[in-house]
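Residue numbering for the sequence shown follows this note's numbering, beginning at 1 and increasing consecutively.
Beta carbons are placed, not taken as given, at the ideal position from N, Cα and C, and that holds for glycine.
Just below is one structure, and these are the notes that go with it.
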Amino acid sequence: MSRSPFPGMDPYLEAPKLWPSVHHRLITIFADQLSPLLAPKYFADLESYIVIDQMLEKEASVVPDVLVTENEFDNSGDDLESAVAIAPAPVRLTIPMPVPTRLTNIYVKQNEKLVTVIELLSPANKRAGEGRKKKCLF
């Protein structure tokens, strides 16, 4: 296996379609490995939250809940009447995309007090931005 030409990162693992699965599996392993070491006073728990991240236009994608596509087969009969709705012209918008991010939180068992947060880097967290540190503090 050859060494990565990108020291400190793996662009294949960080691909937008693959990274969420890799990230989730890694933090699950971290929590599973930490829990026995922390017991009985602490426990590791996975918690999800959503980061509203303004993705770059070339990276932005939308996964629709309902997708309307053109029917490949014209199964309408000659004797049927139909109405035609004309859609308004498409408008190009920049939409902040929610990026699910997972954390491993370590809590004190007795009173659920947060002790520390362990966060694996995610693409959303690698971007610098004004107020980034402030938004991450709990």
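Continuous beta strand (DSSP E) stretch holding residue i: start and end
{"i": "residue 114", "result": "114-118"}
Residue range of the alpha helix (DSSP H) that includes residue i
{"i": "residue 26", "result": "19-38"}
Selection from the options that minimises the alpha carbon distance to residue i
{"i": "residue 113", "options": "42, 85 and 23", "result": "42"}
Close Cβ partners of residue i (< 8 Å) along its chain, the five nearest in sequence each way excluded
{"i": "residue 33", "result": "none"}
{"i": "residue 35", "result": "43 and 44"}
Three-state secondary structure assigned by DSSP to residue i
{"i": "residue 44", "result": "strand"}
Close beta carbons around residue i, own chain, < 6 Å, minus the five adjacent residues each side
{"i": "residue 67", "result": "Note that residue 67 scores 46 on pLDDT, short of 50, meaning its location in the model is unreliable; the coordinates nonetheless yield the value given after this. Same-chain partners within the cutoff: there are none."}
{"i": "residue 62", "result": "Because the pLDDT at residue 62 is just 47, under 50, the model does not fix this residue reliably, and the value given afterwards should be weighed accordingly. Excluding positions up to five away in sequence, the list is empty."}
Same chain only: Cβ atoms within 7 Å of residue i, ignoring 5 sequence neighbours per side
{"i": "residue 90", "result": "none"}
{"i": "residue 86", "result": "none"}
{"i": "residue 88", "result": "none"}
{"i": "residue 92", "result": "none"}
Residue j beta carbon less than 9 Å from that of residue i
{"i": "residue 27", "j": "residue 118", "result": "yes"}
Proximity test, Cβ basis, 9 Å: residue i and chain B
{"i": "residue 29", "result": "No chain B appears in this structure, which consists of one protein chain only."}
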